[in-house]
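Using my numbering, read the sequence shown as starting at 4 and increasing by one per residue. All C-beta atoms, glycine included, are put in the ideal place defined by N, C-alpha and C. All values reported here derive from a predicted model rather than from experimental measurement. See structure below.
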Amino acid sequence: MAKLTHFDEHGASRMVDISDKEITDRIATAHAKITMKPETFRLIMDKKIQKGDVFEVARVAGIMAAKQTFTLIPMCHPINLTSVKIDYTNNSADTIDVFSEVRVTGRTGVEMEAITAATVCAITIYDMCKSVDKGMVISDIHLVKKSGGKSGTFVFDGNSA
């Protein structure tokens, strides 16, 4: 069984010391899905949600969230991100898939930043549309891929550990 790195030999919580880790290019991509009524989906696509352009507001929220991840997740390191991108795909009916890609050149990975970005983006879509559809469902939040660092590349294969 793998050793838990956020606890010392006495069981006390700690932030992992990354000072001896190699500086490498690190990239992480994450996914979140939001499903809604077809009518809500159409309002978003037609840019008729009263609060504004849902995709662009959510994109900015996701980028901002990635930059603030260390303030939300207790053991995350504050890191200088070099890039955050948010993209969307949809099924032309009732589902929007959010993909975030976060990059850094540093000593620690950006998986949590990517997951946070995709999640907050989906939450923002919910917030902007909740007046017309409180039954939206946010789901399928996961790391899609990560590269760089000592552990190398990971690609999600659809199976949980």
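- Taken in chain order, the complete alpha helix (DSSP H) segments of 4 residues or longer contained in the segment 38-110 are 41-48, 57-70 and 72-75.
- In the three-state DSSP reduction, residue 130 falls in the helix class (H, G or I).
- Per DSSP, residue 22 is not a residue of any beta strand (DSSP E), being assigned neither H nor E.
- Secondary structure of residue 156 (DSSP, three-state): coil.
- The beta carbons of residue 76 and residue 131 sit no closer together than 8 Å.
- Secondary structure at residue 147: strand, using DSSP grouped into helix, strand and coil.
- DSSP places residue 117 in the helix class (H, G or I) of the three-state scheme.
- Assignment of beta-bridge partners to residue 122 by DSSP yields no partner.
- Ranking 46, 91, 65 and 39 by CA distance to the CA of residue 124 puts 65 first.
- Using a C-beta cut-off of 8 Å, the segment 93-106 makes contact with the segment 20-32, since at least three inter-stretch Cβ pairs fall below that distance.
- One Cα belongs to residue 12, the other to residue 18, and the distance between them is close to 13 Å.
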